[in-house]
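**Q**
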Amino acid sequence: MKTSRLRRLSICITDLENIPPEKITIAGNGKKYTSLTTWDYEGEHTNDHDFSVSVTRSPQEKQDGIPVMYIGAGLIIGY
9 MKTSRLRRLS ICITDLENIP PEKITIAGNG KKYTSLTTWD YEGEHTNDHD FSVSVTRSPQ
69 EKQDGIPVMY IGAGLIIGY
């Protein structure tokens with residue numbers, strides 16, 4: 009059974025405004041969504057964050073070497 013882990017994250021609103029339109033999906037309710045990815049750091053990290061937050065890249069974007077668009081970071085504050 010999985011245990012719960014509480015995460016707190018901060019996302020740069022300015023960076024959110026720069027997400028390419030093709031990365032935004034408009035749902036039936038008219039709200040806009042994008043897919044985000046988190047990456048847990050191993051061990052100590054220089055900026056005191058436990059993980060990063062970025063816009064999800066497609067397999068093709070990864071293959072083409074499109075850079076990761078980091079938009080935030082966060083802390084794991086409970087287990």
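Those letters in the sequence shown? Residues 9 to 87, per the numbering used here, in order. Here a beta-carbon is modelled for each residue, glycine too, at the ideal position from N, C-alpha and C. Bear in mind the structure is a predicted one, so any value in this text is a computation, not a measurement.
Reducing DSSP to helix, strand and coil, say where residue 39 ends up.
**A** Counting from 1 along the sequence shown, the entry for residue 39 is found at position 31. Coil, per DSSP.
**Q** Check whether the stretch 49-60 touches the stretch 25-35, counting contact only when three or more Cβ pairs, one atom from each stretch, lie closer than 8 Å.
**A** Not touching, per the Cβ criterion.
**Q** Compute the distance between the beta-carbons of residue 23 and residue 82, then report whether it is under 9 Å.
**A** Against the sequence shown, residue 23 aligns to sequence position 15. Against the sequence shown, residue 82 aligns to sequence position 74. Not closer than 9 Å, so no.
**Q** Between residue 47 and residue 60, what straight-line distance do the alpha-carbon atoms span, to the nearest angstrom?
**A** As a position in the sequence shown, residue 47 is number 39, starting the count at 1. As a position in the sequence shown, residue 60 is number 52, starting the count at 1. Spanning the two alpha carbons is a distance of roughly 5 Å.
**Q** Rounded to the nearest angstrom, what separates residue 31 and residue 73 at their Cα positions?
**A** Here residue 31 is taken as the residue at index 23 of the sequence shown, counted from 1. Here residue 73 is taken as the residue at index 65 of the sequence shown, counted from 1. Whole-angstrom Cα-Cα distance: 17 Å.
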